[in-house]
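Some notes on the structure that comes next.
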Ligand code: BT5
């Protein structure tokens with residue numbers, strides 16, 4: 309852990325990167341089951357003393373590791389942090405965790421401009437979290453504030469489908485801990501009428517190809533509802549505190565599965581949608597559309613039946629209207 313609390317950042321010392329890699333490999337091996345010190349030393353081609361040092365370092369990071377005749381065994385994983393998220397995760401992303409950051413999207417944008425890709429920036433707290441149209445995003449300690457940086461091989465116009473995928477992944481992940489979440493177009497995750505998570509995507513690229521995409525997900529996890537704005541809710545309020553490491557891992561796994569099979573995104577979104585079939589008012593930059601939301605079209609347009617005919621809307625703020 310460096311002084312600013314950041315893990316997995318290459319700080320120009322190659323041995324540090326190597327050390328981190330070894331530690332991740334040890335975690336991967338221990339995720340399968342108990343491993344003896346000599347077996348780890350042999351697999352990793354390091355000394356037994358080095359194995360012991362890595363085990364000690366992992367214990368300092370919050371892992372409970374017992375050592376017995378069967379070898380080292382992980383009995384508890386830290387609740388949150390890069391190691392907690394990465395434990396048993398087999399995806400092509402590096403997790404970069406910071407306890408407090410201005411905005412994970414801002415960090416990811418900076419990394420993108422430095423040419424980095426396939427990184428997930430995660431924080432426990434944001435001091436300057438942002439929503440769409442530069443709105444404030446309340447991000448106290450206890451949340452899952454994360455931004456995925458990657459380079460999908462699609463034209464810029466297709467990017468919204470990944471934002472829908474993030475909403476689906478978030479809704480599925482929170483359902484795995486018992487929270488009955490739905491999605492409001494385009495990508496708010498709700499419980500009833502209250503907002504549990506929001507998503508902010510930012511990108512750069514030429515018309516025919518994205519050069520990078522950052523998908524920021526703000527999920528109110530272990531946060532007291534009194535610390536949140538009106539009409540917001542948290543996992544803690546719904547079902548009690550969750551293990552954020554496990555939940556983030558589930559979210560990333562769900563997202564990656566959708567990202568690599570984009571045909572599945574819209575059907576999954578439809579299934580979780582609270583918007584389809586509902587009377588809506590959608591404010592776009594230039595007009596207000598009222599009607600019934602009837603479908604979603606690739607890459608993320610809402611189809612609304614109005615008195616004047618069918619409207620297809622690409623971006624806007626959507627409000628669900630109650631039947632009179
Ligand atoms: C969003 O904007 O819903 C996108 C939020 C994205 C946040 C993530 S956190 C990780 C990454 N880093 C960032 O800096 N951002 C992303 P929007 O649809 O514009 O909704 C914003 C509105 O939601 C605000 O105007 C408030 O009314 C409300 N709000 C603010 N904080 C909230 C919270 N924690 N939970 C629920 N609602 C909130």
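Numbering (the numbering used here), first residue to last: 309 to 632. Glycine included, each C-beta is placed from N, C-alpha and C at the ideal position.
{"query": "Going by CA-CA distance only, name the one from 426, 387, 589 and 460 that's closest to residue 516.", "result": "460"}
{"query": "Beta strand (DSSP E) containing residue 627: first to last residue?", "result": "625 to 628"}
{"query": "I need the DSSP call for residue 430, collapsed to helix, strand or coil.", "result": "strand"}
{"query": "Just to confirm my understanding: we take residue 384, look at its own chain, exclude 5 residues before and 5 after, and list those with CB closer than 6 Å. What are they?", "result": "372"}
{"query": "Buried or exposed, going by whether 16 or more other CB atoms sit within 10 Å of the CB of residue 311?", "result": "Because the pLDDT of residue 311 is 33, which lies under 50, any placement of that residue in the model is unreliable, and the number read from its coordinates should be weighed accordingly. The residue is exposed, with fewer than 16 neighbouring Cβ atoms inside 10 Å."}
{"query": "What whole-angstrom Cβ distance do residue 489 and residue 483 have, given they're in contact under 8 Å?", "result": "6 Å"}
{"query": "So residue 411 and residue 437 are supposed to be a Cβ contact under 8 Å. How far apart are they, rounded?", "result": "5 Å"}
{"query": "DSSP puts residue 492 in a beta bridge; with which residues?", "result": "496"}
{"query": "Suppose the cutoff is 7 Å on Cβ atoms and the five residues either side in sequence are ignored; what does the same chain contact list for residue 623 look like?", "result": "592"}
{"query": "Do the stretch 555 to 571 and the stretch 463 to 474 make contact, defined as three or more Cβ pairs closer than 8 Å?", "result": "yes"}
{"query": "Measure the beta-carbon distance from residue 493 to residue 583 and round it to whole angstroms, keeping in mind my assumption that it falls under 8 Å.", "result": "4 Å"}
{"query": "With a threshold of 8 Å between beta-carbons, can residue 462 be considered close to chain C, or not?", "result": "Here there is only one protein chain, and chain C is not present."}
{"query": "Within 10 angstroms of its Cβ, does residue 573 collect 16 or more other Cβ (buried), or is it exposed?", "result": "buried"}
{"query": "Apart from the five residues just before and just after residue 603, which ones in its own chain have a Cβ nearer than 6 Å to its Cβ?", "result": "611"}
{"query": "Using the C-alpha atoms, what's the distance from residue 326 back to residue 319?", "result": "Interpretation of residue 319 is limited by its pLDDT of 33, a score under 50 that renders its predicted location unreliable; no figure is taken from the coordinates."}
{"query": "Assuming contact is defined by CB atoms lying nearer than 8 Å, are residue 608 and residue 469 in contact in what I supplied?", "result": "yes"}
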